[in-house]
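The structure appears right after this line, and notes come after that.
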Amino acid sequence: MSITITGTIQHRDLGPGAWALVTDEGVTYEIFRGADKKLLKPGQKAKVQGQVREDVMTIAMIGPVLEVKSFEVISSD
Amino acid sequence: MRRLILLCLFIMGLGVALFAFINFQGLAVKGEFETIVLNFREDIPQDVLQQDLQAIAHRYNVTPHLDNKFAAQDHVYIIEGDRQRIKELKKSELAQAIEYIEPNYIYKIPKPGKIAWLGEYLSPLNNEEAQPAFKGPNDPMYSMQWNLHNIGVVGAWETTKGNGVTVAVIDSGITRVRDLVETKFVPGYDFVNDKVEAKDDNGHGTHVAGTIAQSTNNSYGVAGIAYEASLMPLKVLSDFGGGTVADIAEAIKFAADKGADVINMSLGGAGESQLMKSAIEYAYKKGVVIIAAAGNENQNSASYPARYPHVIGVSALGPDTLKANYSNFGAGVDISAPGGSDAGKILQATIDTENKGVEVFVGYQGTSMAAPHVAGVAALVKAAGVKEPDEILNVLKQSARSVKDDGLNYYGAGQLNAQAAVQLAAQGQISFQDFFRWLRDSGYLNPGFWIDGGAIALLPKILMVVGSYLLAWFLRVYFPFRWSWTLFSGLVAGSSGLFPLKGFYIFDLPQWPFRVLGSSIPELGNALQGTDPLNPLFASVLIPIVFMALLLGHPNWKWFAIGSSLGIAACLAVSAVSDPVVWGLGSGIFSRIFLIANALLCFGLARLALKNEEVVSG
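Protein sequences appear in the order of chains A and B.
Quick note, the first sequence lines up with residues 3 to 79 if you use the numbering used here.
Quick note, the second sequence lines up with residues 127 to 744 if you use the numbering used here.
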């Protein structure tokens, strides 16, 4: 199931560390696998198109796992 | 007078010092030995040495032997003997060739110290060994492991260190860093790369394994909890820290088949999987204790796998002993354990993947760090003789430091307590009955529900209900009335509410509707927030007055008003004794007086209403 989410990139200090995409409504997604470094900048707003992986479990456990297919940086403040 | 006292103190001090001196001298020559050390001079020729040894062997009918492989070049030999033999040897002609002849003392690990009373210092020590205070393991960084101090692990080690128990760590693998060298390992498997050796390429698994069984008392690095237990490394998470349900389920079955006693899963996700559920069921039926992290979403309800039946869900505590801000809570949380927060993390040895995998001591935080504490203590409990997974869970829950004000189930049964758990396990008397959990696990309830068995203090609730009935019965003697269902519902609503509902959860739904239904009228003011202190507006005579004003004109509902007034009277009176915490009044004498006064007013109000009733009807 492919979805498109707009949100802010955050780095979470849990275990060795994890990347999160937090939507404007406050839903937190865990960004799956080493996504593009251009996306993974704390505070950056982006529109991400991807897939929620229900079959994957992680050590960060911060929310549904989002596998990024493509993204569009909105602003990087 | 003052000079006399000073003189007495001086003499006493002198006496103590003298005794200490004598004892010090005494301790050097006291001690147990069965053998004698003979250190021959190194300048004597080899054939003279052999002649001397033969002479000793012949004269005393003993076989001199070398102490260890380094002893030959040092000419250190051991023979059997006592103090008498030492004297004889020293006098003999052989003594010239021997540098020293002395008892081969047997040293033991000192027993933990007791509180020293003055009298003990003043009485001479006989054959007692020195008893220094127990300072914990000699790992230099143990002092920084607040988490281990918090769970009281040193006290647990007096009984067991987990020997004979195997803990499977289903994670990113384990790299055998320097501080895991002395730890025992059993073969595991790497389910990600399909190979036997399950090395860590993330850092998480090694950290988690360290908390469970880091080599301890090895004068290096940090300590672990069940450090004589064996670790089984099972790699299911890849270098980025994620893995599939299929691999995890496979690893659970592998662990159960290969004789693991405890499984730790510091991982989580969203989807319910039948495959994983059945793997957990399989392991549970083989007697494996399964522990999982509650998740780091700061939400009500643990993530999977913590919420599956037969899995012990663990929430995380910070060094302030409060729930860590990231930790999940509510449904699925059985117990809490240190997981760290920004104020203080969990320190362990692991690898630094950003720096070519060099070994580092690093602090992590997360419910991932809390779960292995419970896994380690579960291993200790098992080693102490409790075998069944359900019983081990009961021991962990019953021994946990309970947290009184826990309406939202942040802590499950409480905070993990290793020392109390092992003591309880050693006693072998486990009485904790979690009926509702049993009911759910037995399949009588939909597994979408979850019940916090420890949410309600049962006895005060029963006292409140019974008390309200007694009050009604007492008044009935003076003012005869008919029992009616409105009176009954008033009594229940006023005294206790439908209290079993308070501990009731549905996964992923807010819990407050159950808290409200499960609360009595005086508790309604604090039910929404899920806090413990009573709201003084609700826990007072105000609501009965309003009820009376509104309902006294109605032929049926006035009985609800009377019943609830009596119920509230019982509730407040019992609270005044058992748990007198009122918002703004504290928990002392003021809140007790407040509660008792309002209880009396409620009773008086009900009595007044009944008296009126009699006048009106009579």
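All C-beta atoms, glycine included, are put in the ideal place defined by N, C-alpha and C.
Around residue 16 of chain A, the beta-carbon contacts reaching into chain B at under 8 Å are 422, 452, 490, 491, 492 and 494. Within chain A, the residues placing a beta-carbon under 7 Å from that of residue 370 of chain B are 57 and 58, ordered along the chain. Chain-order list of chain A residues neighbouring residue 363 of chain B: 61, by C-beta distance under 7 Å.
Just measuring C-alpha positions, the residue of B:307, B:185, B:352 and B:593 sitting nearest residue 622 of chain B is B:593. Residues of the same chain with a CB within less than 6 Å of the CB of residue 387 of chain B, apart from the 5 flanking positions on each side, are 291, 292 and 508 in chain order. Look at residue 539 of chain B here: in three-state DSSP terms it is coil, with no helix or strand label. Residues of the region 383-409 of chain B with a C-beta atom less than 8 Å from some C-beta of chain A are 392, 393, 394, 395, 396, 397 and 399, listed in chain order. With contacts defined as CB atoms closer than 8 Å, residue 498 of chain B and residue 392 of chain B qualify as a contacting pair. In the three-state DSSP reduction, residue 495 of chain B falls in the helix class (H, G or I). Cβ neighbours of residue 220 of chain B within its own chain (closer than 7 Å, five residues either side excluded): 178, 181 and 182.
A residue is called buried once 16 or more other Cβ atoms fall within 10 Å of its Cβ, and residue 322 of chain B, having fewer, is exposed. Cβ atoms of residue 479 of chain B and residue 329 of chain B come within 8 Å of each other, at about 5 Å.
Scanning B:412, B:684 and B:657 for the CA closest to the CA of residue 707 of chain B turns up B:657. Within the region 535-555 of chain B, no residue has a Cβ lying closer than 7 Å to any Cβ of chain A.
The region 599-619 of chain B and the region 679-686 of chain B touch, with no fewer than 3 CB-CB distances between them shorter than 8 Å. Of the residues assessed, residue 734 of chain B falls on the exposed side of the cut-off, its CB having fewer than 16 other CB atoms within 10 angstroms. The three-state secondary structure of residue 345 of chain B, taken from DSSP, is coil. For residue 499 of chain B, the nearest beta carbon of chain A is not closer than 8 Å to its own beta carbon. Taking C-beta separations shorter than 6 Å and ignoring five residues to either side along the sequence, the partners of residue 281 of chain B in its chain run 545, following chain order.
The criterion of a C-beta distance shorter than 8 Å is not satisfied by residue 506 of chain B and residue 348 of chain B. For the region 27-45 of chain A, the beta-carbon criterion of a distance under 9 Å to any beta-carbon of chain B is satisfied by 30, 32, 34, 35 and 36.
It is roughly 5 Å from the alpha-carbon of residue 394 of chain B to the alpha-carbon of residue 430 of chain B. At a cut-off of 8 Å, the C-beta of residue 50 of chain A has no neighbouring C-beta in chain B. Rounded to whole angstroms, the separation of the alpha carbons of residue 554 of chain B and residue 29 of chain A is 46 Å. At a cut-off of 8 Å between beta carbons, residue 456 of chain B makes no contact with chain A. CA-CA distance, residue 427 of chain B to residue 273 of chain B, rounds to 24 Å. Under the DSSP definition of a beta bridge, residue 489 of chain B partners with B:473.
Taking 3 residues as the shortest admissible run, the region 374-433 of chain B contains the following complete beta strand (DSSP E) segments, listed from N- to C-terminal end: 388-391 and 415-419. The continuous stretches of alpha helix (DSSP H) do not include residue 47 of chain A, which lies in the beta strand (DSSP E) extending over residues 46-54.
Any Cβ of chain A closer than 8 Å to the Cβ of residue 366 of chain B would place that residue at the interface, and such an atom is present. Listed along chain A, no residue sits closer than 9 Å to residue 416 of chain B by beta-carbon distance, the nearest being about 14 Å off. Contact with chain B is absent for residue 7 of chain A, since none of that chain's Cβ atoms lies less than 8 Å from the residue's Cβ.
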